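**Q** First the structure, which I've put down as structure tokens, then a few questions once you've had a look.
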Amino acid sequence: MKIFNTILILFISVNSFSAEKLFEKADSLFQLNKTDSAILLYQEIIDNNMESAELYYNIGVCYFQKKKFKKSKFYFQKSLVLNPKSEITKARISQCNLKLGGGSTPKIFYMIWKNKLL
125 MKIFNTILIL
135 FISVNSFSAE
145 KLFEKADSLF
155 QLNKTDSAIL
165 LYQEIIDNNM
175 ESAELYYNIG
185 VCYFQKKKFK
195 KSKFYFQKSL
205 VLNPKSEITK
215 ARISQCNLKL
225 GGGSTPKIFY
235 MIWKNKLL
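If you count by our numbering, then the sequence shown holds residues 125 to 242, one letter each, in order.
Next comes the structure, spelled out in structure tokens:
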């Protein structure tokens, strides 16, 4: 039993180490503006049952740069579930809403009245 636990801990350590390396490589690809390759690596991390708010946020940024705003919003929302206090993620979701046409800023009530009178 002790050997099994040791092997299990070793496997988890190696797995998280490789996920960290993949994350660093994906970040490097993103910096080189290779968003498609970065997305594939980020997705590989998710496929290995690793997730974090930062991971989902980064995928959202990649899709935002590719102007795929629905996918971008989806990943920003997943990031927000894991880190609900992230103001930058909330701002990114608002940006996606604006790009998708569903989140224009509301007008102030007296501006609406003014426009109706004129």
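We put the CB at the ideal spot given by N, CA and C, even for glycine.
Since we're looking at a predicted model, the values are computed, not measured.
Could you check what DSSP says for residue 225 in three-state terms: helix, strand or coil?
**A** coil
**Q** Across the region 166 to 180 and the region 142 to 154, are there enough close Cβ pairs to call them in contact, namely three or more that are closer than 8 Å?
**A** yes
**Q** Under a three-way DSSP split, which group does residue 156 fall into?
**A** coil
**Q** Since residue 203 contacts residue 184 with CB under 8 Å, what's their CB separation in whole angstroms?
**A** 6 Å
**Q** Out of 216, 223, 224 and 221, state which residue places its alpha-carbon closest to the alpha-carbon of residue 180.
**A** Here the closest residue by C-alpha is 216.
**Q** Do residue 207 and residue 213 have their beta-carbon atoms positioned less than 8 Å apart in this structure?
**A** yes
**Q** With burial defined as no fewer than 16 other Cβ atoms inside 10 Å of the residue's Cβ, what is the status of residue 190: buried or exposed?
**A** exposed
**Q** When you compare only the Cα positions, how much space is there between residue 135 and residue 148?
**A** Unreliable positioning characterises residue 135 in this predicted model, as indicated by a pLDDT of 42, which lies under 50. The coordinate reading is nonetheless provided below. Each residue's Cα considered, the two are about 20 Å apart.
**Q** Identify the continuous alpha helix (DSSP H) that holds residue 178 and give its terminal residues.
**A** 177 to 189
**Q** Compare the C-alpha of residue 219 against each of 193, 199 and 182 and name the closest.
**A** 193
**Q** Taking just the CA atoms, how far does residue 146 sit from residue 165?
**A** Here the C-alpha atom of residue 165 lies approximately 6 Å from the C-alpha atom of residue 146.
**Q** Check residue 161 in the structure and name its three-state DSSP category.
**A** helix
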